[in-house]
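One structure is given below, encoded as structure tokens.
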Amino acid sequence: MSQETDLTNEFKPTRKFKIFGGRNQILCNGRCMTSHQPAVLIMTFFLLIIVAILFFSFDARYLAIRLNPVIVIPPIISIAYMVIFLLKSACIDPGIIPKPMPDEIVYFELKNPPPPKGHSPQWATEYFGNEITLKQCTTCKLYKPPRTSHCSTCNVCIENFDHHCPWVGNCVAKRNYRYFYLFGFTTLFTCIYVSGCNILNVVLTATDPGNGILDGLKVAAASLVQFAITGFVLWSLIGLVGYHTLLIAQAKTTNEAIKKTYRNRRNPYCHANIFVNFCNILCGPFFPSLLANRKFLTPEEFEFYYGRGVKTYGMQNPFLLMMKPPTVENLIPEAYPRQEPTQPVESSDENNDTTNEVKPLTASKLLSSATPLLDDTIVSS
Amino acid sequence: MATFNIVPEHNKVFLSRDYTNGTACRFNMELPTELRNNVSESQFKDTVKHINDIFAEAERLSCRSYMEGCLGCLTAYTIFLCVRTHYEKCVDRVALYIVQQNKDVYEPLGVKICDPMERGLRCIEIQYCI
Numbered sequence: 001m002s003q004e005t006d007l008t009n010e011f012k013p014t015r016k017f018k019i020f021g022g023r024n025q026i027l028c029n030g031r032c033m034t035s036h037q038p039a040v041l042i043m044t045f046f047l048l049i050i051v052a053i054l055f056f057s058f059d060a061r062y063l064a065i066r067l068n069p070v071i072v073i074p075p076i077i078s079i080a081y082m083v084i085f086l087l088k089s090a091c092i093d094p095g096i097i098p099k100p101m102p103d104e105i106v107y108f109e110l111k112n113p114p115p116p117k118g119h120s121p122q123w124a125t126e127y128f129g130n131e132i133t134l135k136q137c138t139t140c141k142l143y144k145p146p147r148t149s150h151c152s153t154c155n156v157c158i159e160n161f162d163h164h165c166p167w168v169g170n171c172v173a174k175r176n177y178r179y180f181y182l183f184g185f186t187t188l189f190t191c192i193y194v195s196g197c198n199i200l201n202v203v204l205t206a207t208d209p210g211n212g213i214l215d216g217l218k219v220a221a222a223s224l225v226q227f228a229i230t231g232f233v234l235w236s237l238i239g240l241v242g243y244h245t246l247l248i249a250q251a252k253t254t255n256e257a258i259k260k261t262y263r264n265r266r267n268p269y270c271h272a273n274i275f276v277n278f279c280n281i282l283c284g285p286f287f288p289s290l291l292a293n294r295k296f297l298t299p300e301e302f303e304f305y306y307g308r309g310v311k312t313y314g315m316q317n318p319f320l321l322m323m324k325p326p327t328v329e330n331l332i333p334e335a336y337p338r339q340e341p342t343q344p345v346e347s348s349d350e351n352n353d354t355t356n357e358v359k360p361l362t363a364s365k366l367l368s369s370a371t372p373l374l375d376d377t378i379v380s381s
Numbered sequence: 001m002a003t004f005n006i007v008p009e010h011n012k013v014f015l016s017r018d019y020t021n022g023t024a025c026r027f028n029m030e031l032p033t034e035l036r037n038n039v040s041e042s043q044f045k046d047t048v049k050h051i052n053d054i055f056a057e058a059e060r061l062s063c064r065s066y067m068e069g070c071l072g073c074l075t076a077y078t079i080f081l082c083v084r085t086h087y088e089k090c091v092d093r094v095a096l097y098i099v100q101q102n103k104d105v106y107e108p109l110g111v112k113i114c115d116p117m118e119r120g121l122r123c124i125e126i127q128y129c130i
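Chains as they are written, first to last, in the UniProt record's numbering: chain A, 1 to 381; chain B, 1 to 130.
Next comes the structure, spelled out in structure tokens:
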């Protein structure tokens, strides 16, 4: 029934997250997002909760009575921060660049010189005084800005891409890097504190008059469980947090460190003062999400994603649509002649580049000529 | 048969991003050739420069942004549920500035500038009549 009502093709208010092309799941009517595989995130959360419950019901209670109630305050704060940082890094948009509409794709593809055969379109631009070429992402069809990378797990291009973290179940990038780092940092602190309390608990129980080491271990069985979990997490975390501290000090992303981008040149984002680098990343500006998930589609966009012609093309699924966006080659065949040119070319050179012929045409003229062609393509197929 | 039109009733040009000073949000200040007949170069440059300045202010690393970051961290980022961030305010200012400029300058010339947030800060869409 719902399919039938969809086919009426009438404009109805639709939020923008419905046409989001990535694999992330968008929850709460566009308010937050998670990975398409949230299992590991749930496990991370579960481990955190188990350790917290065990700690507060056994060790903290014992130590608060035996030593001082103040001993309970730091883990309460750090565990609360951990939960918030984990949710923040897992459930917000990491810095996704929304996929462009076909008019924009076509405009920039025509504006830039045609790429060599077999290459994706490129855009030569200046970047800190150097000439660089921005390559077009084959999936998203946008010219990837510097430091941007396409995440194959999420199927979107992400600004300041660091890495895709399976534990958090989200990409770590421009918008959630600080939460990710602070999550690691508070987890490290909590692990050290909790395992310290575990050892203290066992030692204090064992040294009670009339108790031996065995009694201590027997009474503090819960401490052993916590110690096993925190100890396992601690060893992997020390390396991770240490590595990220080093990267922040050098103002690099993990992606750049792996690719060794700054092997031959200076990192333009790196300040001489390490402290400034830390401030920039941990206390810098809060970038807004570019997705505008809660906004509504304009009638024009609605027509494009849910229109009748689009239906017949078999593209009603926005995900499918994003996998195969229309390209200049499909829309305007004369702009990219693949076979022999239709006009006879009088030229002595056999291998002359026919694609240069279309350059003098202005983009707007080609765009207006593209309209009937697009109609034909969509309706006929 | 209703289908999506690349060119609805107006023609469009897109103002690309300028990466000369890094990934900070800046737009190209050159007047697109398509708009030569409608808009004067200096007028257009002023408008885009003003937009760039607002974005530069939003992304500036100053005491103010550090204070905002620290305050957010101390309140576990719950403060941003009730207070808008500096960047969001700047984005609103850009939108307001563009609306004003359209009304005062560009619409009489047959040109309309769109809010860059609508295109995810990838480019600024400009519609014009021939």
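C-beta: ideal position from N, C-alpha, C; glycine also.
As the structure is a prediction and not an experimental result, all values here were calculated from the model.
Count the other CB atoms, across all protein chains shown, that sit within 10 Å of the CB of B/L81; report buried if there are 16 or more and exposed otherwise.
What you label residue 81 of chain B is simply residue 81 of the second sequence in a count that begins at 1. Exposed.
Using only CA atoms, which one of A/A90, A/C283 and A/Y243 lies nearest to A/R31?
Working through the first sequence from its first residue, we reach residue 31 of chain A at position 31. For the residues A/A90, A/C283 and A/Y243, the minimum Cα distance to A/R31 belongs to A/A90.
Rounded to a whole number of angstroms, what is the C-alpha to C-alpha distance between B/H86 and B/A58?
Residue mapping note: residue 86 of chain B aligns to position 86 of the second sequence, counting from 1. Residue mapping note: residue 58 of chain B aligns to position 58 of the second sequence, counting from 1. Answer to the nearest angstrom: the Cα atoms are 6 Å apart.
Please state whether DSSP places A/I84 in a helix, a strand or coil.
Along the first sequence, one-based indexing puts residue 84 of chain A at 84. In this structure, A/I84 counts as helix in the three-state DSSP scheme.
So, A/Q226 versus A/F55, is the Cβ gap smaller than 7 Å?
As a first step, residue 226 of chain A is located in the first sequence; it is residue number 226 there, counting from the start. As a first step, residue 55 of chain A is located in the first sequence; it is residue number 55 there, counting from the start. Yes, the pair counts as a contact, with Cβ atoms nearer than the cut-off.
Compare the C-beta of B/K14 with all C-beta atoms of chain A and state if any pair is closer than 7 Å.
For the purposes of this step, residue 14 of chain B is identified with residue 14 of the second sequence, where counting begins at 1. At residue 14 of chain B the sequence reads Phe, which differs from the Lys that was named. Taking Cβ atoms only, chain A reaches closer than 7 Å to B/F14, which makes this a yes.
A/G22 to A/I71, Cα distance in whole Å?
Numbered from its first residue, the first sequence carries residue 22 of chain A at position 22. Numbered from its first residue, the first sequence carries residue 71 of chain A at position 71. Roughly 45 Å separates the two Cα atoms.
Along the chain, where does the beta strand (DSSP E) that runs through A/I26 open and close?
Here residue 26 of chain A refers to the residue found at position 26 of the first sequence. Residues Q25 to L27.
Figure out for me which residue from B/I130, B/D115, B/C129 and B/Q127 has the closest Cα to the Cα of A/A292.
Numbered from its first residue, the first sequence carries residue 292 of chain A at position 292. That would be B/D115, whose Cα lies nearest to the Cα of A/A292.
Please state if the CB of B/T23 and the CB of A/R147 are separated by a distance shorter than 7 Å.
Within the first sequence, residue 147 of chain A is the residue found at index 147, counting from 1. Within the second sequence, residue 23 of chain B is the residue found at index 23, counting from 1. Yes, the pair counts as a contact, with Cβ atoms nearer than the cut-off.
Taking the C-alpha atoms as reference points, what is the distance between A/L110 and B/S42?
The sequence position of residue 110 of chain A within the first sequence is 110, counting from 1. The sequence position of residue 42 of chain B within the second sequence is 42, counting from 1. Distance between the alpha carbons of A/L110 and B/S42 is about 26 Å.
Would you say A/N280 lies against chain B (beta-carbon separation less than 7 Å)?
Counting from one through the first sequence, the residue named residue 280 of chain A turns up at place 280. Yes, because at least one Cβ of chain B sits closer than 7 Å to the Cβ of A/N280.
Within 10 angstroms of the Cβ of A/E123, are there 16 or more other Cβ atoms? Answer buried if so, exposed if not.
Stepping through the first sequence from its first residue, residue 123 of chain A is reached at position 123. Residue identity check: residue 123 of chain A is Trp in the sequence provided, not Glu. It counts as buried.
Between the alpha carbons of A/K12 and A/C28, how many angstroms are there, rounded?
On the first sequence, position 12 is the one that residue 12 of chain A refers to. On the first sequence, position 28 is the one that residue 28 of chain A refers to. Going from the Cα of A/K12 to the Cα of A/C28 covers about 20 Å.
Could you check the C-alpha separation between A/L214 and A/S78 for me, to the nearest Å?
Taking the first residue of the first sequence as position 1, residue 214 of chain A is located at position 214. Taking the first residue of the first sequence as position 1, residue 78 of chain A is located at position 78. Distance between the alpha carbons of A/L214 and A/S78 is about 32 Å.
Looking at the structure shown, is A/H163 part of a helix, part of a strand, or coil, going by DSSP?
If you number the first sequence from 1, residue 163 of chain A lands on position 163. A/H163: strand per DSSP, three-state reduction.
Leaving out the 5 sequence neighbours to the left and right, which residues in its chain are closer than 6 Å to A/F58 when beta-carbon positions are compared?
Taking the first residue of the first sequence as 1, we reach residue 58 of chain A at position 58. So the qualifying residues of the chain are A222.
Give the interface partners of A/P121 over in chain B, defined as CB-CB distance under 8 Å, in chain order.
To locate residue 121 of chain A, count along the first sequence from 1; it is residue 121. The premise fails here: A/P121 is roughly 13 Å from chain B at the closest Cβ pair, so nothing lies under 8 Å.
State buried or exposed for A/V51, treating a residue as buried only when at least 16 other CB atoms are found within 10 Å of its CB.
The residue you call residue 51 of chain A lines up with position 51 of the first sequence. With 16 or more other Cβ atoms within 10 Å, it is buried.
If you draw a straight line from the alpha carbon of A/F296 to that of B/K89, how long is it in whole angstroms?
Counting from 1 along the first sequence, the entry for residue 296 of chain A is found at position 296. Counting from 1 along the second sequence, the entry for residue 89 of chain B is found at position 89. Their backbone Cα atoms lie some 21 Å apart in a straight line.
Whether or not the region 226 to 243 of chain A and the region 166 to 185 of chain A are in contact is what I'm after, with contact meaning three or more pairs of Cβ atoms, one per stretch, closer than 8 Å; do they touch?
With the cut-off at 8 Å, the region 166 to 185 of chain A and the region 226 to 243 of chain A touch.
If you measure from the beta carbon of A/E104 to each beta carbon in chain B, is any gap under 7 Å?
Within the first sequence, residue 104 of chain A is the residue found at index 104, counting from 1. Interface residue, yes.
Kindly indicate the opening and closing residues of the alpha helix (DSSP H) around A/A173.
Taking the first residue of the first sequence as position 1, residue 173 of chain A is located at position 173. Premise fails: A/A173 is in no alpha helix (DSSP H) and is neither H nor E.
Identify the continuous beta strand (DSSP E) that holds A/Q136 and give its terminal residues.
If you number the first sequence from 1, residue 136 of chain A lands on position 136. That residue, A/Q136, is in no beta strand (DSSP E); it is neither H nor E in DSSP.
Give the residues of chain B in contact with A/I19, contact being defined as C-beta atoms less than 7 Å apart.
On the first sequence, position 19 is the one that residue 19 of chain A refers to. Ordered by position in chain B, no residue passes the 7 Å Cβ test against A/I19, which lies about 13 Å from the chain.
Using 7 Å as the limit for Cβ to Cβ distance, is B/G120 near chain A?
On the second sequence, residue 120 of chain B is found 120 positions in, with the first residue counted as 1. It does: the Cβ of B/G120 has a partner Cβ on chain A nearer than 7 Å.
Using a 10 Å radius around the Cβ and a threshold of 16 neighbouring Cβ atoms, would you call A/H119 buried or exposed?
Stepping through the first sequence from its first residue, residue 119 of chain A is reached at position 119. The residue is exposed, with fewer than 16 neighbouring Cβ atoms inside 10 Å.
Anyone know if the C-beta pair for A/N277 and A/A251 falls short of 7 Å?
As a working note, residue 277 of chain A is residue 277 in the first sequence. As a working note, residue 251 of chain A is residue 251 in the first sequence. A contact, by the Cβ cut-off of 7 Å.
Where in the UniProt domain "Golgin subfamily A member 7/ERF4" (13 to 125) of chain B do unbroken runs of the beta strand (DSSP E), each at least 3 residues long, occur, reported from the N-terminal end onward?
Runs found: 111 to 113.
Since I believe A/G216 is in contact with A/A228 (beta carbons under 8 Å), could you give me their beta-carbon distance rounded to a whole number of angstroms?
Here residue 228 of chain A refers to the residue found at position 228 of the first sequence. Here residue 216 of chain A refers to the residue found at position 216 of the first sequence. Incorrect: roughly 16 Å between the Cβ atoms, too far for contact.
In the DSSP assignment, find the beta strand (DSSP E) that holds A/M33 and state where it starts and stops.
As a position in the first sequence, residue 33 of chain A is number 33, starting the count at 1. Start and end: C32 to T34.
Could you tell me the alpha carbon to alpha carbon distance between A/A60 and A/F189, rounded to whole angstroms?
For this step, residue 60 of chain A is matched to residue 60 along the first sequence. For this step, residue 189 of chain A is matched to residue 189 along the first sequence. Going by the C-alpha atoms only, they are around 16 Å apart.
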